[in-house]
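Trainee: Numbering (our numbering), first residue to last: -8 to 306. Ideal placement from N, C-alpha and C gives every residue a C-beta, glycine not left out.
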């Protein structure tokens, strides 16, 4: 091995070949190094691309001037590194403009962040607050796609009710519906049968009975009278009986074919909705006026029956 040291300026126009030599503090204007090891380099500036072949490049810090701070680096074609403004990482937060389909390998905590245009097709949502008031607008509920019950309704079947109409939702069995209707006198049930119970008001032609059934202050029947109904009368449900015989309703003044008034005909009118609409508005009770062809005899009994569909016909 040859050691060259302590030599001043050395200049040569020829090519110098040093084999197995150690050079200490040498400045070379132009060198072509085809082998060996260069150790202890403190600074290296390249005027062109560097290609180290299929070898590793190891450094504690690698700075790429073409990259932007906080952006995530991607490896492109031929190993070219680049970044994109749509994907950044700062602190502990990864920000992505769009995220394609993925499968979560663990629980995801959205930390009370908003989610919009979400379509949940399966799975279970537990302990969720639906809206700021924990409510769903009834117009947003669509049950058309539900599976039909495929059987008759049963008294144990459940449905939702707004208890007291104050926003407190409770479950109720279907059996409570029949119990409510029976309690209001609208229906009766026995031996598994449910029967509709009409309102019955009886009037006597030659007497005055304050507080008579039907709400009249006087039931003295002459050629016509008014019957204040309980609740709202169901359309076409009213029946008039004279001495137990069902009478026929007439759309005009009660007369026979020969022009003679017939005692067995009557005309019905309503103070608001006119003939045949025996209800009233949903906000008020009805006043049915029954116009007979003539005054009844003193011993006649007139009975009025109808179905009431008010929420509470006794109010």
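#1: Rounded to whole angstroms, what is the Cα-Cα separation between residue 75 and residue 93?
#2: Starting from residue 75, follow the beta strand (DSSP E) in both directions and report where the run begins and ends.
#3: For the region 146 to 165 against the region 111 to 118, do three or more pairs of beta-carbon atoms, one drawn from each stretch, fall closer than 8 angstroms, so that the two count as touching?
#4: May I ask you to verify whether the region 47 to 54 touches the region 22 to 32, counting CB pairs closer than 8 angstroms and requiring at least 3?
#5: Quick one: what's got a C-beta closer than 7 angstroms to residue 161's C-beta in the same chain, skipping five residues either side?
#6: Please give me, in chain order, every unbroken run of the beta strand (DSSP E) with length at least 3 that falls completely inside the region 39 to 121.
#7: In chain order, what residues of the same chain have a beta carbon less than 7 angstroms from the beta carbon of residue 121, not counting five sequence neighbours either side?
#8: The beta strand (DSSP E) spanning residue 157 covers which residue range?
#9: Measure the C-alpha to C-alpha separation of residue 298 and residue 229 and round it to an integer number of angstroms.
#10: Classify residue 192: buried if its beta carbon has 16 or more other beta carbons within 10 angstroms, exposed otherwise.
#11: Measuring alpha carbon to alpha carbon, tell me which of 21, 47 and 45 ends up nearest residue 37.
#12: From the beta carbon of residue 53, is the nearest beta carbon of chain C less than 9 angstroms away?
#13: Which of helix, strand or coil does DSSP assign to residue 124?
#14: Does the beta-carbon of residue 293 have 16 or more other beta-carbons within 10 angstroms, so that it is buried, or is it exposed?
#15: Buried or exposed, going by whether 16 or more other CB atoms sit within 10 Å of the CB of residue 109?
#16: Compute the Euclidean distance between the alpha carbons of residue 142 and residue 163, then round it to the nearest angstrom.
#17: Can you tell me which residues form a DSSP beta bridge with residue 296?
#18: Applying the criterion that 16 or more other CB atoms from any shown protein chain within 10 Å of the CB defines a buried residue, is residue 104 buried or exposed?
#19: In this structure, how does DSSP classify residue 129 when only helix, strand and coil are distinguished?
#20: Among 84, 87, 56 and 86, whose alpha-carbon lies nearest the alpha-carbon of residue 72?
#21: With a threshold of 7 angstroms on Cβ separation, who are the neighbours of residue 79 within its own chain once the five nearest residues in sequence on each side are excluded?
#22: For residue 88, which option in 77, 25, 82 and 95 has the closest C-alpha, if you only look at C-alpha atoms?
#23: Taking only the alpha-carbon atoms, compute the straight-line gap between residue 168 and residue 84 and give it to the nearest angstrom.
#24: How long is the line joining the alpha carbons of residue 13 and residue 35, rounded to whole angstroms?
#25: Measuring only the C-alpha atoms, how far is residue 23 from residue 41?
#26: When we look at the beta-carbon of residue 19 and count the other beta-carbons within 10 Å, is it buried (16 or more) or exposed?
#27: So, with DSSP's three-state summary, where would you put residue 168?
Mentor: According to the structure shown:
#1: Answer to the nearest angstrom: the Cα atoms are 20 angstroms apart.
#2: Segment 72 to 81, the beta strand (DSSP E) holding residue 75.
#3: Using a Cβ-Cβ distance cut-off of 8 angstroms, the region 146 to 165 and the region 111 to 118 are not in contact, since fewer than three pairs of beta carbons, one from each stretch, lie closer than that value.
#4: Not touching, per the Cβ criterion.
#5: Answer for residue 161: 152 and 154, listed in chain order.
#6: Counting only unbroken stretches of 3 or more residues, the beta strand (DSSP E) elements lying wholly within the region 39 to 121 are 62 to 66, 72 to 81 and 84 to 87, in sequence order.
#7: Result list for residue 121: 127, in chain order.
#8: Premise fails: residue 157 is in no beta strand (DSSP E) and is neither H nor E.
#9: The alpha-carbon separation between residue 298 and residue 229 amounts to approximately 7 angstroms.
#10: Classified as buried, residue 192 has 16 or more neighbouring CB atoms from the shown chains inside 10 Å of its CB.
#11: Cα-wise, what sits closest to residue 37 is 21.
#12: Among the chains in the structure shown there is no chain C, since it carries only a single protein chain.
#13: Residue state, collapsed to three classes: coil.
#14: Buried: at least 16 other Cβ atoms inside 10 Å.
#15: Exposed, because fewer than 16 other Cβ atoms sit within 10 Å of the Cβ of residue 109.
#16: A straight line joining the alpha-carbon of residue 142 with that of residue 163 spans about 19 angstroms.
#17: Under DSSP, the beta-bridge partners assigned to residue 296 are 191 and 230.
#18: With fewer than 16 neighbouring CB atoms inside 10 Å of its own CB, residue 104 falls in the exposed class.
#19: Three-state result, residue 129: helix.
#20: Among 84, 87, 56 and 86, the Cα nearest to that of residue 72 belongs to 56.
#21: Cβ within range, chain order: 61, 62, 63 and 86.
#22: The residue with the shortest Cα to Cα distance from residue 88 is 77.
#23: Rounded to whole angstroms, residue 168 to residue 84 spans 56 angstroms at the Cα level.
#24: One C-alpha to the other measures close to 20 angstroms.
#25: The straight-line gap separating the alpha-carbon atoms of residue 23 and residue 41 is approximately 14 angstroms.
#26: Exposed, since its Cβ has fewer than 16 Cβ neighbours within 10 Å.
#27: Residue 168 falls in the helix class under three-state DSSP.
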